[in-house]
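A.B. asks: Residue numbers (UniProt numbering): 1 to 270. The structure follows.
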């Protein structure tokens with residue numbers, strides 16, 4: 001049976017080793033938190049700080065931290081801007097990363113408060129430094145005492161925090177528990193079948209053979225000598241997301257598409 005993994009906020013607190021006896025192996029630690037903090041300390045200038053996203057099957061992607069986590073609002077995808085525009089009342093940014101989207105949400109006239117949840121301790125500290133009410137946790141370990149929220153947001157790099165198809169319903173039910181009556185869930189996703197040709201090859205077949213959705217990745221973030229624990233990250237189509245929502249307390253109200261990107265608006269019905 002396949003072992004499913006969920007990101008635990010407390011796993012990321014592992015201390016970094018001073019030396020690694022195995023040459024070339026990274027030390028366990030909060031690589032993502034250090035990457036975004038280093039980037040912020042250098043004025044979030046593009047081209048200076050790079051995160052490595054390592055996939056379990058050997059694929060490696062290098063991303064500019066400034067471009068991903070501190071973008072100019074004018075360069076943010078249209079649907080992510082639409083998420084911010086649709087948010088109202090008390091808002092939960094359920095995977096707030098370094099806090100940029102939470103700040104955009106807070107600037108909306110119809111938004112009263114914004115709370116962020118993030119499973120990287122370093123990113124939480126940085127988001128707080130930037131003025132965000134950020135808390136350590138994940139969709140599977142929501143902080144005690146938060147909520148209720150009128151709008152729940154899963155967008156941008158936070159979309160994959162659902163983990164995988166086995167875990168996603170639990171995460172969505174957890175979000176329903178901290179939502180106010182008739183709250184709205186705004187999920188901005190990226191369809192892997194349209195965005196990533198590689199999902200039509202061996203990776204897709206491996207995931208299907210393991211009983212997983214084709215867009216499931218097992219990944220870890222690496223920066224300098226550090227690497228986070230491995231965790232599952234889910235890309236899914238709008239149709240697949242609609243299937244995951246069923247029975248979780250949310251009911252899909254609308255789907256808006258823009259190329260490979262889409263926005264699903266759901267409402268709490270229990």
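Glycine included, C-beta positions come from ideal geometry on N, C-alpha and C.
Hey, quick one: how far does the alpha helix (DSSP H) through residue 33 stretch, first residue to last?
C.D. replies: What you label residue 33 is simply residue 33 of the chain shown in a count that begins at 1. Residue 33 -> alpha helix (DSSP H) spans 31-41.
A.B. asks: Identify which residue in 227, 159, 189, 246 has its Cα closest to the Cα of residue 260.
C.D. replies: Here residue 260 is taken as the residue at index 260 of the chain shown, counted from 1. Of 227, 159, 189, 246, the residue nearest in Cα terms is 189.
A.B. asks: What is the rounded straight-line gap between the Cα of residue 96 and the Cα of residue 117?
C.D. replies: Position 96 of the chain shown, counted from the first residue, corresponds to residue 96. Position 117 of the chain shown, counted from the first residue, corresponds to residue 117. Roughly 6 Å between the two C-alpha positions.
A.B. asks: I'd like to confirm something about residue 164: is its beta-carbon nearer than 8 Å to some heavy atom of the ligand FAD, or not?
C.D. replies: Looking for the ligand FAD in the displayed structure turns up nothing, as the structure carries no ligands at all.
A.B. asks: Using only CA atoms, which one of 215, 156, 211, 169 lies nearest to residue 186?
C.D. replies: Taking the first residue of the chain shown as position 1, residue 186 is located at position 186. Per the Cα distances, 156.
A.B. asks: Starting from the N-terminal side, write out each stretch of the alpha helix (DSSP H) that is 4 residues or longer and does not extend beyond the segment 27-111.
C.D. replies: Segments of the alpha helix (DSSP H) lying fully in the segment 27-111: 31-41, 65-69, 78-86, 100-106.
A.B. asks: Quick one, which of 182, 45, 215, 63 has its alpha-carbon nearest residue 51's?
C.D. replies: As a first step, residue 51 is located in the chain shown; it is residue number 51 there, counting from the start. Among 182, 45, 215, 63, the Cα nearest to that of residue 51 belongs to 63.
A.B. asks: Since residue 187 sits in a beta bridge, which residues does DSSP pair it with?
C.D. replies: Taking the chain shown and counting its residues from 1, one reaches residue 187 at position 187. DSSP, once it has assigned bridges, lists 154, 264 as partnering residue 187.
A.B. asks: Using the Cα positions of residue 239 and residue 113, report the straight-line distance between them to the nearest angstrom.
C.D. replies: Numbered from its first residue, the chain shown carries residue 239 at position 239. Numbered from its first residue, the chain shown carries residue 113 at position 113. The straight-line gap from Cα to Cα measures roughly 31 Å.
A.B. asks: Considering only C-alpha positions, which residue in the set 136, 169, 77, 150 is nearest to residue 110?
C.D. replies: In the chain shown, the residue the question calls residue 110 occupies position 110. Considering only alpha carbons, the answer is 150.
A.B. asks: Leaving aside the five residues before and after residue 174 along the sequence, list all residues of the same chain whose C-beta is less than 8 Å from its C-beta, in chain order.
C.D. replies: Looking up residue 174 in the chain shown gives position 174. Within the same chain, residue 174 has close Cβ partners 139, 140, 142.
A.B. asks: Roughly how many angstroms separate the alpha carbons of residue 101 and residue 206, rounded to a whole number?
C.D. replies: Residue 101 sits at position 101 when you count from the first residue of the chain shown. Residue 206 sits at position 206 when you count from the first residue of the chain shown. Each residue's Cα considered, the two are about 34 Å apart.
A.B. asks: What's the C-alpha gap between residue 159 and residue 88?
C.D. replies: If you number the chain shown from 1, residue 159 lands on position 159. If you number the chain shown from 1, residue 88 lands on position 88. Going from the Cα of residue 159 to the Cα of residue 88 covers about 20 Å.
A.B. asks: Between the beta-carbon of residue 218 and the beta-carbon of residue 233, is there less than 9 Å?
C.D. replies: Stepping through the chain shown from its first residue, residue 218 is reached at position 218. Stepping through the chain shown from its first residue, residue 233 is reached at position 233. The answer is yes: Cβ separation under 9 Å.
A.B. asks: Specify, as a first and last residue, the run of the beta strand (DSSP E) that residue 255 falls within.
C.D. replies: Locating residue 255 in the chain shown gives position 255, where the first residue counts as 1. First-last of the beta strand (DSSP E) with residue 255: 250-258.
A.B. asks: Compute the Euclidean distance between the alpha carbons of residue 182 and residue 128, then round it to the nearest angstrom.
C.D. replies: Numbered from its first residue, the chain shown carries residue 182 at position 182. Numbered from its first residue, the chain shown carries residue 128 at position 128. Approximately 29 Å between the Cα atoms of the pair.
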